Each structure stands twice: as structure tokens, then as C-alpha cells.
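Last residue of the sequence shown? That's 557 in the numbering used here, and every number before it is there in order.
Cβ atoms here follow ideal geometry from the backbone N, Cα and C, with glycine treated the same way.
Quick caveat: nothing in here was measured; it's all calculated off a predicted structure.
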Amino acid sequence: MITSIGSSQILQTSIVIAIAIAYICRMSTDKKVRVRFAPSPTGGLHLGGVRTVLYNYLFAKKYGGDFVVRIEDTDQTRFVPGAEEYIFECLKWCGLYPDESVVNGGEYRPYRQSERKERYKLYVEELVAEGHAYYAFDTPEQLEEMRNKNRTDENPSPQYDYKVRMQMRNSLTLSGEEVHRLIRSNTPYVIRIKMPQNETVSFTDMIRGEVSFDTSLVDDKVLLKADGMPTYHLAVVVDDHEMKISHAFRGEEWLPSAPVHVLLWKYLFGLDAMPQWAHFPLILGPSGKLSKRDGAKYGFPVFAMNWTDPKTGELTEGFKEKGFLPEAFINLLALLGWNDGTEQEIYSLSELVEKFSMDRVHSAGAKFDYEKAKWFNHEWIKKLNTGYLLPKVKVVLAAKNIEVDDDAKLSTVIDLVKDRCTLLTDFDEQAAYFFKEPKIMELHAIQPKWNETKTAFFKEWASVLFSKDFADPHQMEEQFKELAASMQLKPGEVMMPFRIMLVGGKFGPHVFDIAHLLGKGETVKRINEVLKMLEPA
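Right, here's the structure in full:
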């Protein structure tokens, strides 16, 4: 510890300042609900991350609180250019807007950890001064030697813990004068927490109840790195305190770190100041935890939006580009680990805010089902009004070089076909033929039973269409069936060929709705073009 080594006046002064600032920060406790999402700008935003955002957001809004987004960029070696901007674009698409962040600021700025560097050093020096942390000067080679020396079949990955700390090069084993000399000579060092031996650390998780840990099984985590940046363990505790976070929600993968964080709260601010915690269950794929790499493996997206790795150029597809609506994406994520105890499955964001409660979040992992995810999207496409869908469908069609300037017609088309669309991208196939003649014609479905009678029928039908104005699709259908009967044809024999002439395949809404919307000129043109294709060579 610094106090035991005859530290310089400068070091003593910094400790006094650290303790004074920490004391001032403890003086008041804001009981308002404040939650945070703290992503690292290292790549695409996984659907599990969005679910964490969602649960935080729902909890905050339900209780009139604040939703904070804080950027955890203390590990500069993993920083990826563009990742921070991408995170906020994803949240914008989802409609989950933070009350405070690096984008819109707030009372507790800065919200980027790299800009709070000096704050952490003050707190970690307080920990050293009080004997809860220590300087460690071990080189990478010495750390590797320690691991090799202590590696056994029972312990394949030895930790830097109470069993080995007294064998290492740190301020617990070196003299005070030597520690002071090393610091003054700018010898690289880290600061580690000194985990107590044979103690039980406990806290009450809002989902899992009482959770306990044996401190002897936890290693002395690094709190401050050699570059002066804090690790997540120190930064998350300090930031949650200084930003007055009342509830901290994160994935269960952070449970092993909980005893370190509990002790940091105890040492720095007191356990009464600690936020209430909840650790969300994992999202599972077909074979265990659904990782960021599983999208390519299983053929479905795992990121909210497209992410292109700036180093490799590799594109990972997102739910947005796949054709998902943000309403459906949020809806399906909410039910991956939570329900309100009813059979209801379709929820708007406002309904989720109203009904969400932490006691209905499951502790067991939730399995992601892509087919169910598509079902949610289909239901939302059917549910949303045409005016909302119209600009999104325009984007889909524009991607296929189909520019639509007749919004009234497109609105009618959307009403006709939206029940047939699972993804927004399905509007390409289901709506494009209303605006552009189909390139592919499934003539193989017509040719085997084609004959001169059918050729004569469609020539006559084209003539009827050209000469008459039909008030509605029903009137057109009646005339079609009368003509078929007069030529001894069953309606079913010519209905499917008529559809293929207009659409190119055996799909789409009622064929007479299609013909009526296309108009008689375009309908006659498509009939005649297919008749030419069917002429004998």
C-alpha cells in the first residue's frame, strides 16, 4: 500500500483528493429510476444486446425513469471505427431513444468512458490506500511462467489469485522503496483488486433471488490497466455511482464478475448505494448460446442491422435489411425471456411499457426460433396501416429498380398483397408485377394442357377487355366465366393461365383484382405477349 512505503507528497495528495471526491459523491442518493445500457464499440449489435436495451427501456419508461446509453470504450485495442455510430443507428431504427447519451448529452456527461479516465484513477488509488487493491508489475513473460508453473489437469487455466499473489512481483511482495522506485521510473504496472479469502459475497438478483459466491474462487481482477485506462470492473461501478444508476440490468454472462463488483461497491460507496441488479437469461440458438457468428452458420440474422467489418469487409446481414419491421423485432425480443402471464403475443411498444415487469422475466435461457420471428413480422405487416408501410415498400421496390410515383396505386397494391408477405422484401415478388412486366413466365405450368381452344379463348377475352370498361373486378370475373362457358371451357382451365400471363407465376391475390388494377391496356398487352410465346415454333 502507498501509506506503508513512504510515498511522496504528490502521491499522498492525490490519495487525499481521491478520498475527498469519493466522499462527496456519496453524499446524496437519487431514488429516481435510472437504468443504463453500456455497449462496447467493437462491432455489430447482437439481438441479445437489443433485448437488454429493450428491457432497460421498458423498465425506465414504466416507472417514469431515465434510460441512459453509456459507451464502454476503455479497451482501445478492440475499438472498431464506426461501431459507436452503428449502435445509435440501430437504437433509432428500433425506436428505443435514450434520454442521455453521447448523442444527446445529459447532466452526467461525459457518457464515453475514455473521456472519464482521470475519474477512475482517483477511485482506484483510494482502493490501494485502504488495502483493497495493489500494484502489480509482472511482465507478460512472468505471467506466462506463473501459468505454466501452476497448470495441472484439474486447473488448466491458473488464475492470479490469493494462492499465487505472494509469489508474484507486486506491492504485496516488494518493499515500499522498490514500489516507489518502479512507479517513479515509469515501469509498467496494473492495479488489481485484492480478493479476500474464504468470504461469501451475496446480493439479491431481481430475477434469480439470492446469489452467493465464494471469494476464494475469484481471481484478483485487473482494475486499472498499464495504459491508465480502467477495466470494465472498475469503470462500471464508478460510472453507475456517479450517474446515479438505480437499477443495473445485464446478461447472465456477467454473473461471474458480480462478486468483484459487489466488493467494489462495498469498498468505495457502501452496499446501500449499490443499484438493484438483474441478470437476463441467455438467448439460445439451435445448439447453445446464440453467438454473433451464428448468423452465417444457421442462415438467419443475429444483428439488428447490417454490419460490415471495416477490417475484413465481411458483411453480416441484419434483421432490418432482411425485411423485418422494427415493431416486429421489438415484439419478438420482448417475448424471448418474458411474458405477462397471458396468451397474448402481439404487443406494441406502449403495451410493453404498460405490462412489463421484472418478476415475469425468466431465469432460464430463451430459444430463438427464426420461423416464429417471421410469424411476428407477418402479423405486424397485416396489422400496420398502409400509409405506414408505403415508404418502406417503396424502398424495397426501388432496390429492384422499380420507381413508383403513383402512391394511390401502390396503396391499393399493398392492401391487396400484404397478407401474403412475411418479410418486407416479399413485396418485391408480390407487388412488382403491378408496376413492371414480369421477366420470368412459368410457361411450363401452361404448355402441357395448352390447345387451340384456349388460344381462341384468350384472343376473344383480349378483344372483350379492349372493347369494354368494367366497373369492378367482380363484373370482369362474371364476363370471363360467361365467355369460358360459351366455349365449353371450365373457369379453372383458363383461370390459372390468365394469372400466369399477368403475374408470371402461380401466386398473388385474386386474379381479377390484379387485372382491374393493371387496367385493360396493360392486361391485353400481357395476354398477347404470352400467346406469342405459346405459338408453335
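Item: Range covered by the alpha helix (DSSP H) that runs through T62; Value: Careful: T62 lies outside any alpha helix (DSSP H) and carries neither H nor E.
Item: Minimum C-alpha distance to C110 - residue among F79, P61, K82; Value: P61
Item: Distance CB(S431)-CB(L410) smaller than 8 angstroms; Value: yes
Item: N-terminal and C-terminal residue of the alpha helix (DSSP H) that Q450 is part of; Value: 446-451
Item: Local Cβ density within 10 Å of V144, reported as buried at 16 or more and exposed below that; Value: buried
Item: For Y77, the three-state DSSP class (helix, strand or coil); Value: helix
Item: Nearest-angstrom Cβ-Cβ length linking P118 and F87, presumed shorter than 8 angstroms; Value: 5 angstroms
Item: Buried versus exposed call for Q133 [16 or more other C-beta atoms within 10 Å across all chains shown]; Value: buried
Item: Cβ shell of V282 (< 6 angstroms), same chain only, five flanking positions each side left out; Value: V221, F223
Item: Counted within 10 angstroms of its Cβ, other Cβ atoms place T172 as buried (16 or more) or exposed; Value: exposed
Item: Whole alpha helix (DSSP H) elements within the segment 242-268, 4-residue minimum; Value: 252-262
Item: Range covered by the beta strand (DSSP E) that runs through Y154; Value: 153-156
Item: Beta-bridge pairing of S311 - partner residues as DSSP gives them; Value: S311 is not bridged to any residue.
Item: Extent of the continuous beta strand (DSSP E) to which W297 belongs; Value: 296-300
Item: Same chain, Cβ closer than 7 angstroms to L485, neighbours up to 5 away in sequence not counted; Value: K540, T543, V544
Item: The segment 380-400 in contact with the segment 412-430 per 3-pair CB rule at 8 angstroms; Value: no
Item: Within 8 angstroms, strictly: CB atoms of F477 and M507; Value: yes
Item: Beta-carbon proximity of L353 to R56, cut-off 8 angstroms; Value: no
Item: Counted within 10 angstroms of its Cβ, other Cβ atoms place N218 as buried (16 or more) or exposed; Value: exposed
Item: Buried/exposed call for K479, threshold 16 Cβ in 10 Å; Value: exposed
Item: Where the alpha helix (DSSP H) containing S195 begins and where it ends; Value: Careful: S195 lies outside any alpha helix (DSSP H) and carries neither H nor E.
Item: Contacts around S177, its chain only, beta-carbon distance under 8 angstroms, and the 5 residues preceding and following it disregarded; Value: R167, R171
Item: E230 - containing beta strand (DSSP E), residue span; Value: 229-234
Item: For A255, the nearest candidate out of F157, G305, D93 (CA to CA); Value: D93
Item: Selected residue, minimal CA-CA separation from A324, among G115, G151, P556; Value: G115
Item: Inside the segment 361-441 only - beta strand (DSSP E) runs reaching at least 3 residues; Value: none
Item: The segment 266-283 / the segment 194-209 touching (three or more Cβ pairs under 8 angstroms); Value: no
Item: Supposed close pair T475, L551 - CB separation, criterion 8 angstroms; Value: 6 angstroms
Item: Identity of the residues DSSP links to G305 by a beta bridge; Value: G308
Item: Same chain, Cβ closer than 7 angstroms to K402, neighbours up to 5 away in sequence not counted; Value: K438, D439
Item: Pair within 8 angstroms by beta-carbon distance, F344 and N405; Value: no
Item: Distance, M263 Cα to K375 Cα; Value: 27 angstroms
Item: Pair within 8 angstroms by beta-carbon distance, L522 and V531; Value: yes
Item: Touching by the beta-carbon criterion (3+ pairs, under 8 angstroms), the segment 450-463 and the segment 421-435; Value: yes
Item: Cutoff 6 angstroms; reference R228; Cβ partners in own chain excluding five residues on either side; Value: S383
Item: One or two residues paired with T220 in a DSSP bridge; Value: D234
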